[in-house]
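See structure below.
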Amino acid sequence: MAAVYRREKYSVSDLKAHVIFVVKYRQDILSADGLKVIEEACRSVALKMNFQVLEFEGDTDYVHVLIEYPPKLAISQMVNALKGVSSRRYGLAGFPKPNGKEALWSARHFTVSVGGAPVEGLKQHIQDQKKLFQNYGA
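Position one of the sequence shown corresponds to residue -1 (the numbering used here), numbered consecutively onward.
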């Protein structure tokens, strides 16, 4: 399969990152409906900031997001926007936050550059995280 590059006025790029953020205090509070709210928030942030959410998966205490982004955006900008908007919309939808606090997410996040790894393989890995958790019995 031929590589698909992002073409902008002054650049051609193929930048992808796998981002994971966890619920504050690792509390198991995310439901399927809550994850839908978070995914919609992430996709709307991506649209507004001109990057793409290629894959989204979550569980009761974390989410995985595979993003493709232009070189003008810093990963920290995207992550801050994703976490801030999703936390706000999650709360406005009436879902509980850890210990009644305002923050949904831990202050930390994990990001790894995808490099030249095939996107389909990464999407499958993210989807497999859900299956692994279900098979583990938690």
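C-beta atoms are modelled at their ideal positions from N, C-alpha and C, and glycine is treated no differently. Small disclaimer: the values here were computed from a predicted structure and weren't measured.
Assuming I65 contacts Q75 (C-beta within less than 8 Å), just tell me the rounded distance between them.
Taking the sequence shown and counting its residues from 1, the one referred to as residue 65 is at position 67. Taking the sequence shown and counting its residues from 1, the one referred to as residue 75 is at position 77. Not really, about 12 Å apart at Cβ, beyond 8 Å.
Confirm, please, whether the CB-CB distance from D57 to Q25 is below 8 Å.
Here residue 25 refers to the residue found at position 27 when the sequence shown is read from its first residue. Here residue 57 refers to the residue found at position 59 when the sequence shown is read from its first residue. D57 is positioned such that its CB atom lies no closer than 8 Å to that of Q25.
Per DSSP, what kind of secondary structure is R5 in: helix, strand or coil?
For the purposes of this step, residue 5 is taken as residue 7 along the sequence shown, with counting starting at 1. In the structure shown, R5 sits in a strand (DSSP, three-state: E or B).
Specify the secondary structure class of G114 as computed by DSSP and reduced to three states.
Your numbering for residue 114 matches position 116 in the sequence shown. In this structure, G114 counts as coil in the three-state DSSP scheme.
Assess contact between the segment 36 to 45 and the segment 111 to 130, defined as three or more Cβ pairs (one per stretch) separated by less than 8 Å. Is contact present?
Three or more beta-carbon pairs separated by less than 8 Å are not found between the segment 36 to 45 and the segment 111 to 130, which leaves the two stretches without contact.
Name the DSSP beta bridge partners of K14, please?
For the purposes of this step, residue 14 is taken as the residue at position 16 of the sequence shown. BP columns for K14 point to E66.
What separation, rounded to the nearest whole angstrom, lies between the Cα atoms of E118 and H107?
Walking along the sequence shown from the start, residue 118 turns up at place 120. Walking along the sequence shown from the start, residue 107 turns up at place 109. Pairing E118 with H107, the inter-Cα distance amounts to about 23 Å.
Alpha carbon to alpha carbon, how far is R5 from K14?
By 1-based counting over the sequence shown, the position of residue 5 is 7. By 1-based counting over the sequence shown, the position of residue 14 is 16. Rounded to whole angstroms, R5 to K14 spans 14 Å at the Cα level.
Compute the distance between the beta-carbons of P68 and S11, then report whether it is under 8 Å.
Stepping through the sequence shown from its first residue, residue 68 is reached at position 70. Stepping through the sequence shown from its first residue, residue 11 is reached at position 13. Yes, these two residues count as a Cβ contact at 8 Å.
Starting from G56, follow its DSSP beta bridges and name the residues at the other end.
Stepping through the sequence shown from its first residue, residue 56 is reached at position 58. Looking at the DSSP assignment, G56 forms a beta bridge with V61.
Beta-carbon proximity of F40 to V63, cut-off 8 Å
The residue labelled residue 40 in the question sits at position 42 within the sequence shown. The residue labelled residue 63 in the question sits at position 65 within the sequence shown. As written in the sequence, residue 40 is Cys, which differs from the Phe given in the question. Contact: yes.
In the structure shown, what three-state DSSP assignment does A44 receive?
Working through the sequence shown from its first residue, we reach residue 44 at position 46. In the displayed model, A44 falls within a helix according to three-state DSSP.
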